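Just so you know, the protein sequences line up as chains A, X and P, in that order.
End of the first sequence sits at 343 in numbering that gives the first Met the number 0; the numbers just go up one at a time, nothing left out.
End of the second sequence sits at 231 in numbering that gives the first Met the number 0; the numbers just go up one at a time, nothing left out.
End of the third sequence sits at 288 in numbering that gives the first Met the number 0; the numbers just go up one at a time, nothing left out.
Even glycine gets a Cβ: it sits at the ideal position worked out from N, Cα and C.
Note that this is a predicted model, so its numbers are computed, not measured.
Notes follow the structure.
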Amino acid sequence: MKGGVILVGFIVIAAAAGLIAPRYEAEGALRFVSEMFLYLAMAQMWNLLAGYAGLLCMGQQMFVGLGAYALFYTALQLHVSPYWAMPVAAIFSGVCAALAALFMFRLRLVYFAIGTWVLSELIATFLSRTPAFGGASGYQLSEVLPLIDFDWFDATIFWISGGIALAAVWGSYALMRSHIGLGLMSIRDNDLAASSLGVDVWRNRLIVFVLAGAGCGLAGAVYFTAQLAVGPSQGFDSNWVVAMMFITIVGGIGTLEGPIIGTVIYFALREIFTNVLDLSGSWYLVAVGAAAMAAMLYAPTGLWPPIRDRFGIAGLSVRRRPPAALRGQAPPETVVTAADFKSS
Amino acid sequence: MKLLEVRGLSVFYGDLQALFDVSVEVEAAGTVALIGANGAGKTTFLKSVAGLLASKRGEIVFAGHAIGGLPAEQIAGLGLALVPEGRLLFQNLTIEENLIIGGYSGRKGYWTLARIYELFPVLAERKQAMPAILSGGQQQMVAIGRALMANPKLLLADEISQGLAPVVIDQIYRSFPTIRAEGTSIILVEQEVKRAAAASDHTYCLLKGRVTLEGASRGLSFDALSRAYFGS
Amino acid sequence: MVWLDLLINGICLGGLYGMLGVGLALVTGVMRLVNISHGEFIVMAAMLGVGASDLLPGLNPLWLLLPVAAVFFFVGYGVQSVLFNKVVTAPDFLAPVLLTFGFSIVLRNLMFESFGADVRSLTAGGLARMSIEVGSLSIGVLPLVTLGLAILFFVVLQLVISRTSFGRAIRATADNREVARLMGIKPARIYNIVMGMSLALAAVAGMLLAMRATFTPFSGISNLLVAFEVVVIGGFGSFWGAMFAGFLLGVAQLVGLKFDPNAGLMYVHAVFFAVVLFRPQGLMGVKLP
Chain A
0 MKGGVILVGF IVIAAAAGLI APRYEAEGAL RFVSEMFLYL AMAQMWNLLA GYAGLLCMGQ
60 QMFVGLGAYA LFYTALQLHV SPYWAMPVAA IFSGVCAALA ALFMFRLRLV YFAIGTWVLS
120 ELIATFLSRT PAFGGASGYQ LSEVLPLIDF DWFDATIFWI SGGIALAAVW GSYALMRSHI
180 GLGLMSIRDN DLAASSLGVD VWRNRLIVFV LAGAGCGLAG AVYFTAQLAV GPSQGFDSNW
240 VVAMMFITIV GGIGTLEGPI IGTVIYFALR EIFTNVLDLS GSWYLVAVGA AAMAAMLYAP
300 TGLWPPIRDR FGIAGLSVRR RPPAALRGQA PPETVVTAAD FKSS
Chain X
0 MKLLEVRGLS VFYGDLQALF DVSVEVEAAG TVALIGANGA GKTTFLKSVA GLLASKRGEI
60 VFAGHAIGGL PAEQIAGLGL ALVPEGRLLF QNLTIEENLI IGGYSGRKGY WTLARIYELF
120 PVLAERKQAM PAILSGGQQQ MVAIGRALMA NPKLLLADEI SQGLAPVVID QIYRSFPTIR
180 AEGTSIILVE QEVKRAAAAS DHTYCLLKGR VTLEGASRGL SFDALSRAYF GS
Chain P
0 MVWLDLLING ICLGGLYGML GVGLALVTGV MRLVNISHGE FIVMAAMLGV GASDLLPGLN
60 PLWLLLPVAA VFFFVGYGVQ SVLFNKVVTA PDFLAPVLLT FGFSIVLRNL MFESFGADVR
120 SLTAGGLARM SIEVGSLSIG VLPLVTLGLA ILFFVVLQLV ISRTSFGRAI RATADNREVA
180 RLMGIKPARI YNIVMGMSLA LAAVAGMLLA MRATFTPFSG ISNLLVAFEV VVIGGFGSFW
240 GAMFAGFLLG VAQLVGLKFD PNAGLMYVHA VFFAVVLFRP QGLMGVKLP
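Set out below in structure tokens:
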């Protein structure tokens, strides 16, 4: 049932992509949808952080860049096809997230948010001034191009991106249904109460932060593989977080379906602005920023919750329902004990 | 004309109703006691009258003005001052600054900084201190003084004896005759029934958001009070 | 003597950084709002300064400081009144952050569309070339004037906050908005004026920055990050802490540039993290909120 919903979601995206981009030929369509899949995955990570773990990370682009750089470095140093370097990107980004958490977690809320942005800028500037890591122009995949079969390149990237998006959505769902997810939601609602019950607030947040870092790193690595090049200003561009934020809050923060809707809208808007209205990319960003402002002022829950409530769709709900025998009765005074949260 | 007339006040916190159709009257220069157990709705009542709670139905008429829809800052300018539960002094301001800011609305009258220091001499010695180092009783004096600096027609005192030793409470209550002598009306919210009744002309009792008793403070019987306070 | 020279120039730059930060600290302290678009207003003020200076070529841009600051006071008042006041009372911290973030995106890209990516700067004319001799040191006049102005604005701000009745009202509102209302204070009006003050300070800092370096519509991000670092290192709510934090970062920047000319703001960011790691309560020892 739930898998069916996800499948439907992807068919919706693919169909939307097909409708929106009539001017692309087949390869272009594959690239377009691949891009949508990757953005969806990244936005889902950002949503996990901001909507479930209470971590607003405005520097999340650092993992996109770090993952891409890890892939390019590995592929070029070991002279292997970039596909083999992709898992390295994910692991490297995850490790970086764990290390960053050591000092970033000292900052709370909005100070954490901007602090991660500072860290991203620091890393980007460091890479830019260090010729050993590509300097200001970054890396190109030129040396390993012979190792890639270009007949299948776009299709392979498509399937990998789709897999990542699927894993992002399904993985988030599984995580939130687990005891870690329950702990997270209790933290989100009231972290003081949760911790007084024995929920290890920081350990749960660390897990999500590492997973989100790894996820964004992998997505970034695949994205830039498709571009065949990466540089500090592209990999660590703050517009990555702009996209993740827009997709999440317009779609519906703290819901799993929200980012799917948000991704479709993000790309629809982009196509309208750049291909239909023929305006430059900056006008599109102005619209994105304005939409984010409007969402914060008038619709902070995003588009999905009203749709869900209006039509009564259960979707990928992570709410727990009482056992069949008790349904229809008033909920009992639940007493949740620390034992419920002590994890293995 | 009554100074304050509250008619049919119902107050909501989201979906939760905290006050049900409460009606209270205060005469000019009169003192009214509002008693009741924890959670009865006393603080909710004072906060709604003062304009801090927006979600309400009913009428509130103060000195001839309908203040039900007005924001707190405007109501303060009309001559209504609240001594909030828990004192809530400005921690970043000195004692003297706390008192001075009480007069922000610019209302002139008997009460000046000098006269507050006369009423509570111990504060004069500590005027440059920060509130955190004062004792509970002294903080309460600052809170009352701050409210008086607005030269209010009506003073709302929310549980001023909370957390204070009886000796200290006596000391504070001894300032009341001077306050009343200047024509200020008082609504006294207390959990301690005897003291509140002794200091007031009229008593209202609240239970779970409803008025369960009202009458002249003098004639209240212990039985009637118990039933009204705890419910039967 | 190279070190002394670096130190003095670093402090002069630090005065500017401190001004960037104190504008942000004001708003954060009074209404718990971190204005992510702060950096964009700094750039817009610099743009306005450049535009005005082009229209009045004979005039030394220093004379434009006060008029531009005044303009941005009203801009801040308006932006707070129309936009930000809607979210300062929000119980969750997400709404104000994302609103100001969205606003920064809008402003940044509108500036880019209107003015392009060209680098610009403000020439202070003769003043930029003058220097005074102190012993064996040669110190630029403009950096000294900048430092002097920064300290002046700091002192004035400190006096307004601690000695005036309006400053008292600001402190009360920052402490407890609801109780401040009971005194007859209108929080929304206080916030409008405070945001106006914040952007006026940002405007002066922006113009002074433009006199010493070039800027583009995208410079807002680095300005915001520096301002933020000054607030955090300075210790949340201490204006003098912000000043000293500025000095520290200014020196770090110039020392870093001396050894590593392509490093941009890297050493500033590194010092920031060092402080976060080893002294999270900031320079003045004030606890994180």
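Minimum Cβ-Cβ distance from residue i to chain A less than 9 angstroms
i, result
"residue 231(P)", "yes"
"residue 265(P)", "yes"
"residue 75(P)", "no"
"residue 257(P)", "no"
"residue 13(P)", "no"
"residue 107(P)", "yes"
"residue 291(P)", "Outside the shown range of chain P, which is 0 to 288, sits residue 291(P), and nothing can be said about it."
"residue 114(P)", "no"
C-beta neighbour in chain P for residue i, strict 9 angstroms
i, result
"residue 266(A)", "no"
"residue 288(A)", "yes"
"residue 12(X)", "no"
"residue 90(X)", "yes"
"residue 88(A)", "no"
"residue 51(A)", "no"
Chain X contact for residue i (CB, 9 angstroms cutoff)
i, result
"residue 89(P)", "no"
"residue 174(P)", "yes"
"residue 179(P)", "yes"
"residue 168(P)", "yes"
"residue 186(P)", "yes"
"residue 290(P)", "Any answer about residue 290(P) is impossible in this case: the structure gives chain P only from 0 up to 288."
"residue 30(P)", "no"
"residue 171(P)", "yes"
Through-space distance from residue j to residue i, alpha-carbon basis
i, j, result
"residue 68(P)", "residue 201(P)", "8 angstroms"
"residue 217(X)", "residue 196(X)", "7 angstroms"
"residue 136(X)", "residue 159(X)", "9 angstroms"
"residue 77(X)", "residue 53(A)", "43 angstroms"
"residue 199(A)", "residue 170(A)", "21 angstroms"
"residue 49(X)", "residue 75(X)", "7 angstroms"
"residue 193(P)", "residue 76(P)", "8 angstroms"
"residue 54(X)", "residue 42(X)", "15 angstroms"
"residue 65(X)", "residue 306(A)", "42 angstroms"
"residue 293(A)", "residue 164(X)", "53 angstroms"
"residue 194(X)", "residue 100(X)", "30 angstroms"
"residue 91(X)", "residue 174(P)", "7 angstroms"
"residue 114(P)", "residue 33(P)", "27 angstroms"
"residue 40(X)", "residue 144(X)", "25 angstroms"
Contacts around residue i, its chain only, beta-carbon distance under 6 angstroms, and the 5 residues preceding and following it disregarded
i, result
"residue 50(A)", "252, 253"
"residue 47(P)", "67"
"residue 223(A)", "67, 229"
"residue 46(X)", "52"
Simplified DSSP state of residue i, which is helix, strand or coil
i, result
"residue 147(P)", "helix"
"residue 194(X)", "helix"
"residue 22(A)", "Because the pLDDT of residue 22(A) is 46, which lies under 50, any placement of that residue in the model is unreliable, and the number read from its coordinates should be weighed accordingly. Coil at residue 22(A), not helix or strand."
"residue 211(X)", "strand"
"residue 61(X)", "strand"
"residue 271(A)", "helix"
"residue 208(A)", "helix"
"residue 86(X)", "coil"
"residue 81(P)", "helix"
"residue 158(X)", "coil"
"residue 4(X)", "strand"
Sequence-distant residues of the same chain with beta carbon closer than 7 angstroms to residue i, five excluded per side
i, result
"residue 223(X)", "212"
"residue 106(A)", "114"
"residue 215(A)", "41, 44, 59, 62, 63, 66, 92"
"residue 219(P)", "38, 39, 41, 42, 103, 107"
Any non-hydrogen atom of the ligand PLP within 8 angstroms of residue i CB
i, result
"residue 168(P)", "The ligand PLP is not part of this structure, which contains no ligands at all."
Cβ shell of residue i (< 8 angstroms), same chain only, five flanking positions each side left out
i, result
"residue 9(X)", "16, 18, 19, 20, 21, 55, 56, 57"
"residue 197(P)", "22, 23, 25, 26, 34, 37, 75"
Only counting runs of 4 or more residues, tell me where the alpha helix (DSSP H) segments fall wholly within the region 172–206 of chain A, in order along the chain.
-> Counting whole runs of 4 or more residues, the region 172–206 of chain A contains the alpha helix (DSSP H) stretches 178–188, 190–195.
Fully enclosed by the region 235–276 of chain P, which alpha helix (DSSP H) runs are 4 residues long or longer?
-> Listed in chain order, they are 238–258.
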